[in-house]
Structure formats: structure tokens, C-alpha cells
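Enquirer: Please see the structure below; I have some questions.
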Amino acid sequence: MYKLGIKKTERLMENSHLKTLKPEEFRRLTGVKAETFAKMLAIIQKAIQTKKAKVGRPNKLSCEQMFLMTLEYLREYRTYFHISKSYGISESNCYYTIRFIEEALIKSGQFTLPGRKALLKSDMEYAVILIDATESPIERPKKSSDITTQVKRNDIH
Numbered sequence: 001m002y003k004l005g006i007k008k009t010e011r012l013m014e015n016s017h018l019k020t021l022k023p024e025e026f027r028r029l030t031g032v033k034a035e036t037f038a039k040m041l042a043i044i045q046k047a048i049q050t051k052k053a054k055v056g057r058p059n060k061l062s063c064e065q066m067f068l069m070t071l072e073y074l075r076e077y078r079t080y081f082h083i084s085k086s087y088g089i090s091e092s093n094c095y096y097t098i099r100f101i102e103e104a105l106i107k108s109g110q111f112t113l114p115g116r117k118a119l120l121k122s123d124m125e126y127a128v129i130l131i132d133a134t135e136s137p138i139e140r141p142k143k144s145s146d147i148t149t150q151v152k153r154n155d156i157h
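Once you know that position 101 of the sequence shown is 101 in UniProt numbering, the rest is easy, because the numbers rise by one and skip nothing.
If you want it as C-alpha cells, here you go:
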């Protein structure tokens, strides 16, 4: 049986390398700016503190690692299996962590896009471009019964 060689104390995705990245590289890696990352992380830390105040074991991953795992899932479309193996946790734990982080950010309401009504009320003008995507038939040769009958006749003789 092949093992990845990950110890419980080691993780493939450590967040210490994030502090050394330039702002452009940080955005390329995570998909958000460093300021937005810090704001989101503060909300997640509050949500984890309220969750852990109730009951539960301590997490194997830090808040930063859980958030990076969520951003990796949203940005790269990796499967829970692959992400869980990268972080050294189970697939189900990966799923529940990502769902928890997503729900915490949604409940905060700070990172929601304006709705349709807000866009209609705004004074901005929008340029609309319509693309004609109608289907055009593919030209194919007509079916003829002459070819099939000749093959059948040759098989009989």
C-alpha cells in the first residue's frame, strides 16, 4: 500500500509561504486580494470561535489552512478527495469544512453581490451585446438506397 508520507503535524499546504508573496502573486494564488483575505479570515475566525464554544474537538487545520482549502476548491475545481489528501484530512472532513466556511461567509453578508433590483435602480448605463447563436444544419450527403441494395446483392451471390 502506497502512503503519501504526510505526518499529522505536517501539511502540504502551509500558509507561511503566503507572507512572502507579492500582492500580485497572492491574488493569483488565492483569487482574492490580501486585504479581502484578511477580512474574510476575521469572519471565519469568529464563526469558528462560536462553533467551538459549544462543543467539539480541536481542528487539525488552522483557520488559514481551512480558508485556503476553501479557496482552492472554489478556484481550481479540485475534488474533495484530492484536496483532502493535500491537507492530510478525510474527504468528509474536507467537505464539511468547506461547507462551513462558505456558510459563514454567506451569513456575514459582507461579500454578497448586489441583487437585480439594486442594479436596475442604479444610474449606470449598461451596454448590451446580443449574440446570434441559432443552429445551422450540418451539410451531409443524402442517404441513397442504391448503395445498400448493391451490397446486399453481392452477399447473396
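Ideal Cβ positions, reconstructed from N, Cα and C, are used throughout, including at glycine.
1) Could you tell me the alpha carbon to alpha carbon distance between Arg99 and Pro114, rounded to whole angstroms?
2) Between Lys46 and Ile129, what straight-line distance do the alpha-carbon atoms span, to the nearest angstrom?
3) Return no unless some Cβ of chain D is closer than 7 Å to the Cβ of Ile48.
4) Using a Cβ-Cβ cut-off of 7 Å (strictly less than) and excluding sequence neighbours within five positions of Ile83, which residues of its own chain qualify?
5) DSSP three-state label for Ile101, please.
6) Using 7 Å as the threshold, is the C-beta distance between Ile43 and Cys63 below it?
7) Please state whether the Cβ-Cβ distance between Thr36 and Met66 is less than 7 Å.
8) Does the distance from the C-beta atom of Phe111 to that of Leu119 stay below 7 Å?
9) Mapping DSSP to helix, strand and coil, what is Ala118?
10) Pull up the distance between the alpha-carbon of Thr20 and that of Arg140, whole angstroms please.
11) Where does Ala42 sit, in a helix, a strand or coil, going by DSSP?
12) Is the beta carbon of Lys60 less than 7 Å from the beta carbon of Ile101?
13) To the nearest angstrom, how far is the alpha carbon of Ala133 from that of Met124?
14) Rounded to the nearest angstrom, what separates Val55 and Ser86 at their Cα positions?
Expert: Straight from the coordinates:
1) Taking the sequence shown and counting its residues from 1, the one referred to as residue 99 is at position 99. Taking the sequence shown and counting its residues from 1, the one referred to as residue 114 is at position 114. Cα-Cα distance, rounded: 22 Å.
2) One-based indexing of the sequence shown puts residue 46 at position 46. One-based indexing of the sequence shown puts residue 129 at position 129. Lys46 and Ile129 have their C-alpha atoms spaced approximately 43 Å apart.
3) Given the protein chain composition of this structure (a single chain), no chain D is represented.
4) As a first step, residue 83 is located in the sequence shown; it is residue number 83 there, counting from the start. Met69, Glu72, Tyr73 and Cys94, listed in sequence order.
5) Walking along the sequence shown from the start, residue 101 turns up at place 101. Looking at Ile101 - three-state DSSP - the assignment turns out to be helix.
6) Position 43 of the sequence shown, counted from the start, is the residue given in the question as residue 43. Position 63 of the sequence shown, counted from the start, is the residue given in the question as residue 63. It is not a contact, given that the beta carbons lie outside the stated cut-off.
7) One-based indexing of the sequence shown puts residue 36 at position 36. One-based indexing of the sequence shown puts residue 66 at position 66. For Thr36 and Met66, no; Cβs fall outside 7 Å.
8) Counting from 1 along the sequence shown, the entry for residue 111 is found at position 111. Counting from 1 along the sequence shown, the entry for residue 119 is found at position 119. With respect to the 7 Å criterion, Phe111 and Leu119 are not classified as neighbours on the basis of their beta carbons.
9) In the sequence shown, the residue the question calls residue 118 occupies position 118. The answer is helix: DSSP assigns Ala118 an H, G or I state.
10) Within the sequence shown, residue 20 is the residue found at index 20, counting from 1. Within the sequence shown, residue 140 is the residue found at index 140, counting from 1. If you draw a straight line from the Cα of Thr20 to the Cα of Arg140, it comes to about 59 Å.
11) The residue labelled residue 42 in the question sits at position 42 within the sequence shown. In the structure shown, Ala42 sits in a helix (DSSP, three-state: H, G or I).
12) Taking the sequence shown and counting its residues from 1, one reaches residue 60 at position 60. Taking the sequence shown and counting its residues from 1, one reaches residue 101 at position 101. No, they are not a contact pair.
13) Counting from one through the sequence shown, the residue named residue 133 turns up at place 133. Counting from one through the sequence shown, the residue named residue 124 turns up at place 124. About 28 Å.
14) Mapped onto the sequence shown, residue 55 falls at position 55. Mapped onto the sequence shown, residue 86 falls at position 86. C-alpha separation (whole angstroms): 27 Å.
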